[in-house]
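One structure is given below, encoded as structure tokens.
2 protein chains.
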Amino acid sequence: MSMTGQLLIGQRACRGENGELRGLDAATGKALEPAFGGASLADLDRACELAEAAFDDYRERPLERRAAFLESIASNILALGDELIERCVQETGLPRGRIEGERGRTVGQLRLFAEVVRQGSFLDVRIDPAQPERTPLPKVDLRLRNIAIGPVAVFGASNFPLAFSVAGGDTASALAAGCPVIVKAHSAHPGTSELVGRAIQQAVSIYGLPEGVFSLLFDTGRSIGQGLVADRRIKAVGFTGSRTGGVALMKIAAGREEPIPVYAEMSSINPVLLMPHALEERGTQIAGGFVTSLTLGAGQFCTNPGLILAIDGPALHLFEGAAVDALKKAAANTMLTPGIHSSYCQGVERLLAHAEVVTLGQGLEGDRYQARAALFATSARAFLQCLALREEVFGPASLIVRCADEAELKQAVSALEGQLTIALHISEADYPQVRALLPTLENKAGRLLVNGFGTGVEVGHAMVHGGPFPATSDTRTTSVGSLAINRFLRPVSYQDLPAALLPQELADGNPLSVPRRVNGGPAHD
Amino acid sequence: MSMTGQLLIGQRACRGENGELRGLDAATGKALEPAFGGASLADLDRACELAEAAFDDYRERPLERRAAFLESIASNILALGDELIERCVQETGLPRGRIEGERGRTVGQLRLFAEVVRQGSFLDVRIDPAQPERTPLPKVDLRLRNIAIGPVAVFGASNFPLAFSVAGGDTASALAAGCPVIVKAHSAHPGTSELVGRAIQQAVSIYGLPEGVFSLLFDTGRSIGQGLVADRRIKAVGFTGSRTGGVALMKIAAGREEPIPVYAEMSSINPVLLMPHALEERGTQIAGGFVTSLTLGAGQFCTNPGLILAIDGPALHLFEGAAVDALKKAAANTMLTPGIHSSYCQGVERLLAHAEVVTLGQGLEGDRYQARAALFATSARAFLQCLALREEVFGPASLIVRCADEAELKQAVSALEGQLTIALHISEADYPQVRALLPTLENKAGRLLVNGFGTGVEVGHAMVHGGPFPATSDTRTTSVGSLAINRFLRPVSYQDLPAALLPQELADGNPLSVPRRVNGGPAHD
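Protein chains in written order, with UniProt numbering: chain A, 1 to 525; chain B, 1 to 525.
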């Protein structure tokens, strides 16, 4: 298998005729072979037509087949071997070890969703049996199951070229739910996208699924991405990217004749609260962990710690000193794209020039597209007054907010926008203060974590990678972990359907052995 | 307890100074005592302030107390006795038996949600225990629970003055989820609203809850309703009403700085498919049930059968004849408001005047505000061409679409917008045809039912009262039944939180005995 620069529309591979784009070597900015042809609106229309045609067939395939299909995608990705790893390293500038780890995570996600599909509790089967003798009115037979919502548009993210891109969490959870997927490839890693796209295309073929289950489109402008969200056949959207991009898609979706859900994971500064006793007892140790988390992957994680909140004093000064010492030794790392690098530099310039912001230190300088880490400090007063200080600077930059006292710390916490994560560094003596803060923190973030940093997102059943706006567009869900499947489901209730017509999940005797609730309680059938 | 015309803002009752409105005797149009003062924006602000202040306290009250609070609301409503029933009959024109039945349903809903709260599976507790020995990286401890989303705005509906109004399904499910509620009373039954509002206010007091858990506002224009949806402290909206009204609220919510979910149940014509063998075998019998369902409650049900789809021929003619015979004897019934009556008359006029529509028959004429039932027929060709024929006429009017053949029937089904219900009348010989139609029908409606009509919505665990747009604004949920609680929840994940700080639901040893999943499977702790 190798790259051709073609669009994947169902089982076809065809040359896009709407301009072209190329992958760039992230380290040098040099254009790579081959050129990728951009999709036209006709290509988009064809992909949507196939997805719509595939939908009813795909969503009713046996759960075991759907699970095996997901596992087959995972195997096909592994079978790409070094070609995938090398291309991905080249396009993203991320180190080989990181990309190999991310491939493991991507494959792990697909396999996790295969298990979720087999286990069947995502169907939320509920049976309220008929009571023909009930007075004054007999009770009908009602059976409920979740079904797939419809074809889903997925936008590949730049910062996780495997785990949040073509076969990433959004695609895996949508396919697991029974939805066909059309991916708009991220222009930062078109080669990686094509290779992974072909791995999915192949799995569709092996499992004899209708071809519209998967398509991959390259977009040389914005018309394909916007057109996908606007298309009447698309019923939900998964997106990871900037706040501007996410909000634009939300507006398109809300303005449709039939509005649809958009799951956009957008913007988070992931505050870290250093509580007084923890800061006093082990501030310099925390500082080391902080700088490691801040500079990991050139700071290009959604959960990068962009904000530190603490009460000012000698302990905080020691923390700052230790953080600056570590930061000064931090090597600059290549960023994902020249555009991301240039945004990062602008964000750092704004902080360097800000009258209320002190520059504590910077990391080592690097090459042309490498990000130099930076650490700043400001007062809580300035933080509360200046909205710009609450904005994400995507990359290895962080801002320490020095609060005068506990009251100011609380004010700063209350002023936070929605976040993916809030980290707390605490000792036992801090518990009373933390206990009082917890309700506010719960309202601000999808994940609260203690004595750690938000980078490192475990893919499991109890993970929430979500949170109130602007962290995401929909706080009711997560884009990582098994719960993510719920985003692409809707409940349907069947009343008095004859046994011969009932879907298998709802049939008497539970032939599929899926978890079911009878009259609201656990079933024993 | 009796009516004063006051707003209920937390534990206060105060006179609204922003104009006034009165309940009308539905049968005569005569204004009733007392006058209700309209809320000002300052009243709205105060209610939101109290709701926000109450939120963190209320959502963490023990589940047992929350359940008992819901049951106390139910008892207080019953204790209102005849005063409530009489006022409600007067304001709505609905018969006493219907209102008594609706009270039973309202009380039953509150008690159902009390059980849901006690049972605890709505919390969706998930625990992925730590694996400190895992390589290459140790696994953190992750625990997930659902928490309440925030203060909720509920819009009372005119057509269910008890079950979908002040203490109706939206309020019950939001309170059950742990959300404070601010109700915008429907102007068609202000007296009923105040009485029920006081029953809730009293329960808040009995249970020592923070007063902002509940407020009730009267709106003399649209500023209070719109202002509620726009207010930054409101985090979700429940609405049952017209498509125009629902879409307007959706736009306000989507245009906020922080967009919020709107659960609007809006518009459905609830198609009834008469399959050929059933029509042949028992068409006249079905016709009787159809007319009963059509004229029930003056046709003012969200699930009223506004459309019949069938293949043309002698059997359909017999059905039509029998339906017209029954309809001619159907008494006219008082509608909820003069406005609804006038909209109904206009809708019927449009059909009477439509060039492609035949009037099959009308019911008995009635008094000034009574709705005369009406039955029309058209061709599938006209139905497919004219969008206006797919619009809801709220009241006892229905349209039969005569399809030339099975292909045209399929086309008509495919052209349907989203629906709350689709009913199928079938015999065993129809199964193959029905089986082929089912996937399309599932994509169109929240509930599919066989050999019955959508009116009569069972409140249980397996009910879906929802469906694709425009039936509702959010197809992922239901506004009736225990699943409705999910609308007002969001997941939060806790990573490595010390035992002393964990919420009880997540604590080791499961002290609350709530259902939990450990590593994705059922727990045995």
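From the three backbone atoms N, C-alpha and C, an ideal C-beta is built for every residue, glycine too.
Within the same chain, show all residues whose beta-carbon is closer than 6 angstroms to that of residue 188 of chain A, passing over the 5 residues directly before and after it, in chain order. For residue 188 of chain A, same chain residues with a beta-carbon under 6 angstroms away, outside a window of 5 residues either side, are 158, 336, 337 in chain order.
Beta-bridge partners of residue 22 of chain A, as assigned by DSSP: Answer is A/35.
Where does residue 416 of chain B fall in DSSP's three states? Reduced to three states, the DSSP call for residue 416 of chain B is coil.
Could you please give the first and the last residue of the uninterrupted alpha helix (DSSP H) stretch that includes residue 443 of chain B? Boundaries of the alpha helix (DSSP H) harbouring residue 443 of chain B: 431-444, taken from the DSSP string.
Option nearest residue 118 of chain B by Cα separation, candidates B/330, B/64, B/72, B/227: Of the listed residues, the one whose Cα sits closest to residue 118 of chain B is B/64.
Is there at least one Cβ from chain A nearer than 8 angstroms to residue 478 of chain B's Cβ? Yes - at least one Cβ of chain A is within 8 angstroms of the one on residue 478 of chain B.
Beta carbon proximity, residue 328 of chain B to chain A, threshold 8 angstroms: Taking Cβ atoms only, chain A never reaches closer than 8 angstroms to residue 328 of chain B, which makes this a no.
Let me confirm a value: residue 7 of chain B is counted as buried when at least 16 other C-beta atoms fall within 10 Å, else exposed. Which label applies? Classified as buried, residue 7 of chain B has 16 or more neighbouring CB atoms from the shown chains inside 10 Å of its CB.
Would you verify that the beta carbon of residue 437 of chain B is, or is not, closer than 8 angstroms to some beta carbon of chain A? Chain A, which has no Cβ nearer than 8 angstroms to the Cβ of residue 437 of chain B, makes this no.
Continuous alpha helix (DSSP H) stretch holding residue 98 of chain B: start and end: Note, residue 98 of chain B: alpha helix (DSSP H), 96-119.
Please determine, among B/281, B/481, B/69, B/172, the residue with the shortest C-alpha to C-alpha distance to residue 429 of chain B. It is B/281.
Could you give the distance in angstroms between the alpha-carbon of residue 383 of chain B and the alpha-carbon of residue 231 of chain A? About 24 angstroms.
Where residue 76 of chain A and residue 183 of chain A are concerned, what is the direct C-alpha to C-alpha distance, given to the nearest angstrom? For residue 76 of chain A and residue 183 of chain A, the distance between alpha carbons rounds to 18 angstroms.
Can you pull out the residues from the region 128-145 of chain B whose beta carbon lies closer than 7 angstroms to at least one beta carbon of chain A? Under the 7 angstroms Cβ criterion, the region 128-145 of chain B contributes 128, 139, 140, 142, 143, 144.
What are the boundary residues of the alpha helix (DSSP H) that residue 247 of chain A is part of? Per DSSP, residue 247 of chain A belongs to the alpha helix (DSSP H) from 243-255.
What residue from B/143, B/46, B/68 has the CA that sits closest to residue 205 of chain B's CA? Put simply, of B/143, B/46, B/68 the residue whose alpha carbon is nearest the alpha carbon of residue 205 of chain B is B/68.
Which bits of chain B does residue 461 of chain A rub up against, with CB to CB less than 7 angstroms? Residues of chain B passing the Cβ test: 126, 128, 517, 519, 520.
Closer than 7 angstroms at the beta carbon, the chain B residues around residue 234 of chain A: Correct list: empty, because the minimum Cβ distance to chain B is about 13 angstroms.
Could you compute how far the alpha carbon of residue 87 of chain B sits from the alpha carbon of residue 245 of chain B? Distance from the CA of residue 87 of chain B to the CA of residue 245 of chain B, rounded to the nearest whole angstrom, comes to 26 angstroms.
C-beta atoms of residue 264 of chain A and residue 239 of chain A nearer than 8 angstroms: If you check the CB distance, residue 264 of chain A and residue 239 of chain A come in under 8 angstroms.
If contacts are defined as beta-carbon pairs under 8 angstroms, then residue 445 of chain A and residue 420 of chain A qualify, I think. What distance do you get, rounded to the angstrom? Contact check for residue 445 of chain A and residue 420 of chain A: beta-carbon distance about 7 angstroms, within the 8 angstroms limit, so the pair qualifies.
Would you give the residue range spanned by the alpha helix (DSSP H) that residue 388 of chain B belongs to? Per DSSP, residue 388 of chain B lies in no alpha helix (DSSP H) segment and is marked neither H nor E.
Could you give the DSSP three-state label for residue 451 of chain A: helix, strand or coil? Coil.
Using a Cβ cut-off of 7 angstroms, which residues of the region 494-511 of chain B contact any Cβ in chain A, in chain order? Flagged, chain order: 494, 495, 496, 497, 498, 500, 501.
Within 10 angstroms of the Cβ of residue 209 of chain B, are there 16 or more other Cβ atoms? Answer buried if so, exposed if not. Its Cβ being crowded by 16 or more others within 10 Å, residue 209 of chain B is buried.
Figure out for me which residue from A/327, A/23, A/225, A/299 has the closest Cα to the Cα of residue 393 of chain A. Checked all of A/327, A/23, A/225, A/299; the closest Cα to residue 393 of chain A is A/299.
If you follow the alpha helix (DSSP H) that residue 493 of chain B is part of, which residue opens it and which one closes it? From DSSP, residue 493 of chain B is part of no alpha helix (DSSP H) but of the beta strand (DSSP E) over 489-495.
Using a Cβ-Cβ distance under 8 angstroms, would residue 292 of chain A count as near chain B? Between residue 292 of chain A and chain B, the shortest Cβ-Cβ separation is not below 8 angstroms.
Less than 8 angstroms separating the beta-carbons of residue 212 of chain A and residue 456 of chain A? Their beta carbons are not under 8 angstroms apart, which means residue 212 of chain A does not touch residue 456 of chain A by this criterion.
Please confirm if the region 476-487 of chain B is in contact with the region 109-124 of chain B, defined as three or more CB-CB distances below 8 angstroms between the two stretches. Yes, since at least three Cβ pairs between the region 476-487 of chain B and the region 109-124 of chain B fall closer than 8 angstroms, the two stretches touch.
For residue 225 of chain A and residue 91 of chain A, the rounded distance between their alpha carbons: Taking the straight line from one Cα to the other gives about 21 angstroms.
What's the C-alpha gap between residue 190 of chain A and residue 260 of chain B? Distance between the alpha carbons of residue 190 of chain A and residue 260 of chain B: 35 angstroms.
Any chance you could list the alpha helix (DSSP H) runs of at least 4 consecutive residues sitting entirely within the region 198-243 of chain A, in chain order? Qualifying alpha helix (DSSP H) stretches, in chain order: 223-230.
Whole-angstrom C-beta distance between residue 424 of chain A and residue 448 of chain A, which should lie under 8 angstroms: Indeed they touch by this definition, with Cβ atoms about 7 angstroms apart.
With a threshold of 8 angstroms between beta-carbons, can residue 475 of chain B be considered close to chain A, or not? At least one chain A Cβ lies under 8 angstroms of residue 475 of chain B.
If I measure Cβ to Cβ from residue 452 of chain B and keep anything under 8 angstroms in the same chain, skipping five residues before and after, which residues do I get? Around residue 452 of chain B, the same chain offers 289, 423 as residues with beta carbons nearer than 8 angstroms, after the five sequence neighbours per side are excluded.
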